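Note that the working numbering has the sequence shown beginning at 803, numbered continuously upward.
Note that the Cβ used here is the ideal one computed from N, Cα and C, for glycine as well.
All of these numbers come straight from a predicted model, not from anything done at the bench.
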Amino acid sequence: MRFNYLNLRAFGHFTDYEITFDQSKKFHLIYGLNEAGKSTALRSINHFLYGFPQQTADSFLHSNQKLRIEGELQNKKGETLQFTRRKGKKNTVINANGEALNEGVVANFLNGLSLQHFSNMFALNHVSLREGGASLLQSGGNVGESLFSAASGISMLRKVFEELEKKLGDLYKKRGSTPELNKLLKEEKELKKEISDCQLKVQAWKELERKYSEGKSKIETLINEIISLRSEREKLQRIKLTLPKIAKLKELANRLAELGEVPALPDNIVELRKETVQKLESLKKQKQSAEEDYQLFEKERNEIKIQEGLLEQSALIDILYREVQSYQNNLKLVPQLEGERKLLLERVKGLMKEFDPVHATVEQIDKYRLPVVKKERIRELCKQRPLLDQAIEQNEKERQTTEDELKVKRGELNTIPVPPNIEELEAVIDSVKRLGEIEELFKTHITAMSQKEKVMKEAVKELPLWNRTYEELIHLPVPILTETIKKFEREHFEIVKNLEKTIEQINSQIEAIESIEEQIRTLEALSEIPSEETLLKIRTHRNQGWQFIRIKLQEGQLDAQQYGEFTNGEKLENVYENLVHHADELADKMRSEAEKVGAKKKHVDDIKSCQKKIVELENKKSELTQKLAQWENAWAELWKPTTIAPLSPEEMREWLVKYEQIKAMYSDFERSQITAHELEMKITEHKEMLRLALSPFIEVSEHTSLVQILKTAEKEQKKMNDDVQKRTRLEDSISGINHRINHIALKNKDIYQKSEKWYEDWAEAISGTNLTESTSVDSAEKIIRLYEDCAEAYDELTEIEKKHESMLEQLSHYEQRVGQLLRAVALDFGDQAIDIVVTQLNANLQQAKQDEVKIIDLNKQLKKIDLIIKEAVREIETAESVLENLMNKAQVSTISELEKVEITFLQKKEYEEKRRTIEEELLDIGGGLSLQQLIEEANQFQYDCIDIELEELNRKLVEIEPVRSELEQAHGVVKKEFEEKIDGNNTAAVLAEQKKESVLAKLANSTEQYIQVKLASILLQKGIEHYRKQNQDPILKRAGELFARLTLQSFSELVVDYDEKDQPILMGVRPNGDKVAIEGMSDGTTDQLYLSLRIASIEKYGEEQEPIPFIVDDILVHFDDVRSEETLKILLELSQQTQIIFFTHHSRLVEIMKELTSESNYQLTELTSKDIVIA
């Protein structure tokens, strides 16, 4: 798959911006300076292929609804897909007609790659490259992790493993105590023990129940007696409180009767009367004060006088006052302007006498004014004349110098001989150079051959089960049957797995038996539970006794030995009676403990079932052991032709990998031998070609090395080429000089033509002036300046005269307006100056305005006071009305009489309030009784006897209280024990059971988490290992070649070695054979190793599936020029397989690319703010 074009219709700061990818080229170098939009273009690729994210920073110019990216994809079959991507939640892929396309169409072109897979594998920048190198370092060079990390693009794989291990450690450790699962298991065990401890024993139950019932009955009887005593005590205490209050009620009723009939007055009669009297007095004083203020303000208003007509002319007075300063300034300027006019007139006359002392007058000034065009033309010609004279002189000097230079060059050319033809020599030299450092390469191959043979021997030496030569190993009939080995491996795994499972099941059954026996012991801990077998045994023994009794009753003969064993020296009837009694007891006990008996019987049956399963599993174990022995014989038979005693299939698969690596080393060694022979033949052939080509010029020994012969040939070539170049340079120089001489002659002719033209223009320019053709250009310029100065002085004189006349007119007009104003206001200021008169008029006007404002303010004050007086009169009438109303209610005619009635009214009010308070207090303490009931109840008792009765009640309560307390304490202990054990310590057991269920739920959840994380870690490891086994050989071989090139042969290849844990790890091999672990490599080298693995993985992907473009963003920022050049070469080679899009803002990379290859092999696109330039 490849991109044919991308058009950023509306994206970021781009609008309708198209990037075309030339279909004849597969490497596209996109260069842009900072802020040119490189990052935006990079993001557009992801958004075009996979859609816009929900939140985007590229909508600052175009709204989210208008974002569009258009492009075309093409697969390796030649099929194309052109579509536009818009931002949205659905139907984001649309065709040219604006119709929605299925997202699956785009996914098919991408092989179903997810965005994450595409970004990880087919996109690389300098940050992810550096992270990839760091990941290799963290993994310690583990082969599987290194390959998987480079192929998947997951750079921090080791960090993923560490996080998984940390999660596992946080959940469970074998001997830990702080991890979550460890704590939960411990808690669950403790709760089981707590529940077990709460079980109740049968014998203690009846005694506990009896104590609980007796204690409860005694306490209830005692509490009823206490309640009765307390009720009687509370009644007496209430009566003791109510008797004094009832007496007070009677006294208040007598006092109210003594007051007789009292008029109904307002409750606030005193305050109302005092407030109204005070208000009336205040209002009268306020009215009197306001009337006095009114008279004063009226008098002040009548005393103010304003000049008639002055305010009507206020606008004109203001204007004249604002202009008085200008008037005063004009008075001062008039004589000053007169003086300036006289001085300018004298200057004009003086200037005119300088250029025409006899005829020049002020009236003739316009005669000496030259037009602007004429003046500028004369000045221009004055500037041209010195330049023409200088050019004539300089051109003559240049002609003489050039002719002298021509003579010298012709002399040098005659001293250099004509060179011979060296085309054949140059062709041979080029042919040899194209070989490069072939002799060094030959030596390197010889050294590498030796090193490869040494490495191969070491590998054979380290190969397990082999101690012979590598030639014998290569021809060994090894059964390279990977599938057969896998089959044996699966069979072995299944047998061992089943065997381990069977052993585990046997152990599980044994543990189950032990657990059941523990449950039986727990059941019997409270009381012994008889079994059916025990009862049957006792009854059998009893029946035997009955047989003895029958024989004895029938006077038969008894077996002395059996009889002695049965009676054991006791009487037969006693033994038999005991056996009967014992059998009945067991039968009764089995009936009363039927549930436990059934449970015990079930446990016994379970034990028998487990024992049966153990026998079956042991048989299965024997069969699997025999099957494992048969498998081992078949496995050994498979390897019999090799005379090797095989290890396990897993180990033999590793052995085969190493065997294949040794075979690959041998093949590489053979290729190196062939290459070395070919190099040697080429060296000999080209030595002869060089000697033959040099024979016309110099003799060369056949024993001389190719490098030395090439140096001699290049020296001869350089010598002859230098002569050719010298002659060519001199001939070119002579030709150039002749051209310059011709140019100087033409230039000289042009200068003289310009000089003649200047004289014609000069005559035309000075015509009509006082200048003549003999006047020098310097003099002409001075005269023109005099003309201009004189005209400027005259123009300034004219301006001063106009200004003087205007000022006189302004002064006259101002004085006329002041005279009209004085007549209008009928004022006479005598002979005072105009400006003083205007100032005095303005002062009078300001005073008149102040007086007018004062009159207006006084009128407002008078109006306000008048309102105050009227309001006071109204309020006085209202207060008098309130007092009259109060006296009418009190049925009096004076204020003093009203005050006496007030006292009687307040006394009645006080008695009534006290009566209400006492009644409320009686109801509060009356215990729900009415007022009448309380009075009747109190009348039944004498106050003096109440305390005696209370003392008696308190004494009885004091005596009975300790008895109750003692009973309750004793019963509390029994009650607590009874409630705890009534259902097996019900509360504690239930709480413990609930807590246990909660713990089990947490345990299940944490266990599931542990299993998920453990499986994730195992699956990731197995996936990495599977990828390593499938891809190790092809990818590592190619990556080794790329790594050697990227490190500039600092390393020659990559090999797989084994660490102390026998895990395969990557090692770099130096040209001298030294192995270097990844920990010993620099950051730059690990970056190059990661890049080698990534490119090799992409190449393998492209061979097997539809190629995907490789998007690269400035990955060479940490590479020097040489390594950058080599990387670009590798990427150019990769572009033959898949499209490469390389983004950069470093101009140096563009220069390296241009030096590295022709423009036909790549496309250079420059990102700019306006257009795209394609080379």
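State the Cα-Cα distance for the pair residue i and residue j, rounded to the nearest angstrom.
i       : j       : result
Leu1856 : Glu1881 : 14 Å
Thr1078 : Ala1117 : 58 Å
Leu1440 : Glu1285 : 13 Å
Lys1339 : Trp1433 : 54 Å
Ser865  : Leu835  : 26 Å
Ser957  : Lys827  : Confidence in Ser957 is poor, its pLDDT being 47 and thus under 50, which makes the residue's placement too unreliable to answer from.
Ser1557 : Leu1183 : 11 Å
Ser1683 : Ser1091 : 23 Å
Lys868  : Glu1968 : 26 Å
Arg1587 : Ile1546 : 39 Å
Gln1253 : Ser1962 : 40 Å
Arg1718 : Gly1017 : 51 Å
Gly1904 : Pro981  : 47 Å
Gln1648 : Asn1132 : 26 Å
His1948 : Phe816  : 22 Å
Ile1351 : Leu1374 : 8 Å
Glu1200 : Asp1191 : 15 Å
Gln1612 : Val1620 : 13 Å
Arg1075 : Ile1670 : 25 Å
Pro1046 : Glu1754 : 23 Å
Glu1105 : Asp1095 : 16 Å
Gly1632 : Ile1638 : 11 Å
Thr822  : Tyr807  : 4 Å
Specify the secondary structure class of residue i as computed by DSSP and reduced to three states.
i       : result
Gly1904 : helix
Phe885  : strand
Met1883 : coil
Lys1288 : helix
Gly971  : helix
Thr1967 : strand
Leu1856 : strand
Leu1002 : Because Leu1002 carries a pLDDT of 45, less than 50, the predicted location of this residue cannot be relied on, and no value is offered for it.
Gln876  : strand
Glu1715 : helix
His1545 : helix
Lys1877 : strand
Asn2002 : This structure gives no information on residue 2002, because the portion of the chain shown stretches from 803 to 1977.
Ile1106 : coil
Leu860  : This sequence places Asp at residue 860; Leu is not what is there. Coil at Asp860, not helix or strand.
Asn806  : strand
Glu820  : strand
Looking at residue j and residue i, is the spacing between their C-beta atoms short of 8 Å?
i       : j       : result
Val1136 : Leu1599 : no
Tyr833  : Val1919 : no
Tyr1616 : Glu1102 : no
Arg932  : Asp1922 : no
Ala1841 : Ser1894 : yes
Ile1119 : Leu1624 : no
Ala1515 : Ala1495 : yes
Pro1873 : Gln1907 : no
Could you check how far apart the C-beta atoms of residue i and residue j are, in whole angstroms? I think they sit under 8 Å.
i       : j       : result
Glu1927 : Ile1954 : 5 Å
Ala1674 : Lys1089 : 4 Å
Leu926  : Arg1896 : 7 Å
Leu903  : Phe885  : 6 Å
Pro1909 : Gln1939 : 6 Å
Per DSSP, residue i forms a beta bridge with which residues?
i       : result
Gly1621 : Partner(s): none; Gly1621 has no beta bridge.
Met1869 : Val1857, Ala1879
His830  : Ile1943, Gln1965
Phe1912 : Ile1942
Arg1270 : DSSP output for Arg1270 lists no bridge partner at all.
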